[in-house]
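Protein chains in written order, with my numbering: chain A, 14 to 376; chain B, 350 to 658.
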């Protein structure tokens, strides 16, 4: 099947095996032109393997990879018009910053002078012009990171691959770089494929996210979709914080499900495709979509006792031991204190779900 | 570390500094006895007068150096002209040692690279295998090499057997045989330092180069070689210097026509026919030449590093 010329990357049934171990189990995904796409998952989930397969550092055991419609899986790395920002930056220690950035341009046949001129412009873009004559070892981690970025962007790749490039930076610098990366992506119009294990980073930067685990894709969607409509237990648990309840499904209708807890307490929540009546599954509800009251607001309100209040700056997390279920986290924003009440530890209270906050999950 | 502690300036740091001076004594002693001592002895002997049955007379003389550089005829009464015999031997030694070094680099570098890219647990096995032949005495190895290379030896038999050649190739008693012998004598001195350097090399730099459109060959030339250069330079020095002064391989494989400086020096101290001051003078000239070559290469390298920056 010919590829679509307008899709940046098309991965078709890609499998990667190392001996008996299968690192990637038949992954298919399409990355659109000019998209900030993130591969998100815990370490060992196969996200870096997939990125390295696109770059050409790993063979594809089975399947195809297309770049703007052309098959590239059999090309060696130096013939693929993609560039990589490496996790450890991999700057050439014996070359100056300017020559590091000029390297790819020279390799593509530019004269030394032309390559250096363009490299100078790239350094300006990442605000490192004054360091052009230095060696990589004379720069800080954050500066090296920006050099690696400039070096990878200089040859104007069709797709830029970023392998956890921010993981070595401290929190503040990382936040700043997240924004800078997003701006660079918009400015250059180059498709970015970003690999990270940091869900917050993924949610902040991406147009779309592929959540991966154990060599399989768990869910593909926009940050909002991934956060608000997780497809299964893994995604709900990995992205953000969530409360889980074991429920039995009594009835499914129009995307809503009527369930009950072990003790018989009835609940309604959103269902997902593939869950039928009689199923024993988990229901997830985000802590910020819960609120507390001293009297039951409705029949579905869950009885509990406040265990602890934890102040975390912008909001307060309250741990509630449910009478019929595990411990729940209820998050109350400090700006919302007018509408929502906080109770002292030991108080007998009721936990209430906002409308449509609860959601059934596939295992 | 010691210097850092001493700069603290406290009383404890001062005693530490004193102790450090005493602890260095053994190294100074070794350097004095085994390096400085022999060199001084050679230097003094080269300016003494020769005794006819070997040994020296303690009388200052420039005769040894004069004999090395100038020809004054059979009876020493003609006006001096340049003596080319020893200069030629010298020049041949440099050339042969250089060729042997190049040969060990061409074979040793890929070998070291191969070992360094094996899985970590099998690398020591490969290093061990490389060193095994060197458990055998150098003399025996060199004689074996002569046996392998001679006209009726296994190599020529094999080549004739396969029909590649009709008559044996004369290898023994040529310059090439000496180069092969030197190469084989000192190969591990090339492989080991290069291996150590390649093992430390960060291979993600090669990936980065490939990612930036550099072919394998370009990556080797522009990224790998500069990174492992210290190991390569060390290997070249460790092969070149002993090759220059070697006498076993030239004697056994080169024959009389391919005499090297090591054999010349050896002869001056052997039996009763020798000339100790002349041997000492030749040694001093060899030492000076090697130092000049090393300093020159060090300066070239510093210059190259500068222009690269």
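All C-beta atoms, glycine included, are put in the ideal place defined by N, C-alpha and C.
Query: Cβ-based burial, residue 389 of chain B [other Cβ within 10 Å; buried from 16]; Result: exposed
Query: Selected residue, minimal CA-CA separation from residue 362 of chain A, among A/372, A/352, A/343; Result: A/343
Query: Proximal chain A residues relative to residue 466 of chain B, where beta-carbon distance stays under 8 Å; Result: Here the premise fails: no neighbours, minimum Cβ distance about 15 Å.
Query: Contact under 8 Å by Cβ, residue 595 of chain B with residue 532 of chain B; Result: no
Query: Listed by chain order, chain A residues near residue 509 of chain B by CB distance under 7 Å; Result: By Cβ distance, chain A contributes nothing, its closest Cβ being about 43 Å from residue 509 of chain B, past 7 Å.
Query: Rounded separation between residue 91 of chain A and residue 473 of chain B - CA only; Result: 32 Å
Query: Residue nearest to residue 228 of chain A in terms of C-alpha spacing, selected from A/20, A/41, A/21, A/22; Result: A/41
Query: Three or more C-beta pairs below 8 Å linking the region 224 to 243 of chain A and the region 76 to 95 of chain A; Result: no
Query: Reference residue 349 of chain A; option with closest CA among A/330, A/184, A/338; Result: A/330
Query: Residue interval of the alpha helix (DSSP H) (run including residue 196 of chain A); Result: 184 to 201
Query: Meets three-Cβ-pair contact criterion under 8 Å: the region 619 to 638 of chain B and the region 420 to 433 of chain B; Result: no
Query: In chain order, each beta strand (DSSP E) run of at least 3 residues that lies wholly inside the region 266 to 290 of chain A; Result: 269 to 273, 279 to 283
Query: Where residue 68 of chain A meets chain B, residues with beta-carbon distance less than 7 Å; Result: 560
Query: Beta carbon proximity, residue 97 of chain A to chain B, threshold 8 Å; Result: yes
Query: Alpha carbon of residue 250 of chain A to alpha carbon of residue 353 of chain A, nearest angstrom; Result: 25 Å
Query: Cβ-based burial, residue 289 of chain A [other Cβ within 10 Å; buried from 16]; Result: exposed
Query: Residue 365 of chain A - partner residues in DSSP beta bridges; Result: A/304
Query: Cβ of residue 537 of chain B within 8 Å of any chain A Cβ; Result: no
Query: Nearest neighbour of residue 96 of chain A, chosen from A/83, A/117, A/247, A/81 [CA to CA]; Result: A/117
Query: Short-range partners of chain B found in the region 112 to 135 of chain A, where Cβ spacing is below 8 Å; Result: 116, 117, 120, 121
Query: Segment contact flag, the region 296 to 312 of chain A with the region 255 to 272 of chain A, C-beta cutoff 8 Å, min 3 pairs; Result: yes
Query: Neighbourhood of residue 370 of chain A by C-beta distance below 6 Å, restricted to the same chain and skipping five residues each side; Result: 298, 302
Query: Proximity to residue 168 of chain A [Cα-Cα], best of A/151, A/35, A/133; Result: A/133
Query: Cα-Cα separation, residue 241 of chain A to residue 325 of chain A; Result: 22 Å
Query: Close-in-space but distant-in-sequence residues of the same chain around residue 623 of chain B (CB under 6 Å, 5 per side omitted); Result: 403, 617
Query: Any alpha helix (DSSP H) of 4 or more consecutive residues that is wholly inside the region 601 to 629 of chain B; Result: 610 to 617
Query: Residue-chain proximity (residue 181 of chain A, chain B), Cβ-Cβ < 8 Å; Result: no
Query: For residue 203 of chain A, the nearest candidate out of A/323, A/39, A/194, A/211 (CA to CA); Result: A/194
Query: Entirely enclosed beta strand (DSSP E) segments - the region 366 to 439 of chain B, minimum 3 residues; Result: 397 to 399, 405 to 409
Query: Neighbouring residues, chain B, relative to residue 105 of chain A (Cβ below 9 Å); Result: 554, 557, 558, 571, 572, 575, 576
Query: Inter-residue CB distance, residue 170 of chain A and residue 110 of chain A (contact presumed, cutoff 8 Å); Result: With a Cβ gap of about 19 Å, residue 170 of chain A and residue 110 of chain A do not count as contacting.
Query: Interface flag, residue 9 of chain A vs chain B, CB-CB below 8 Å; Result: Within the shown structure, residues of chain A are numbered from 14 to 376, placing residue 9 of chain A beyond reach of any answer.
Query: Residue 610 of chain B and residue 631 of chain B closer than 8 Å at C-beta; Result: yes
Query: Collapsed DSSP secondary structure at residue 343 of chain A in the structure displayed; Result: strand
Query: Within chain B, the residues that residue 91 of chain A reaches when beta carbons sit closer than 7 Å; Result: 559, 562, 563, 564
Query: Neighbourhood of residue 317 of chain B by C-beta, 6 Å cutoff - its chain only, sequence neighbours within 5 removed; Result: Outside the shown range of chain B, which is 350 to 658, sits residue 317 of chain B, and nothing can be said about it.
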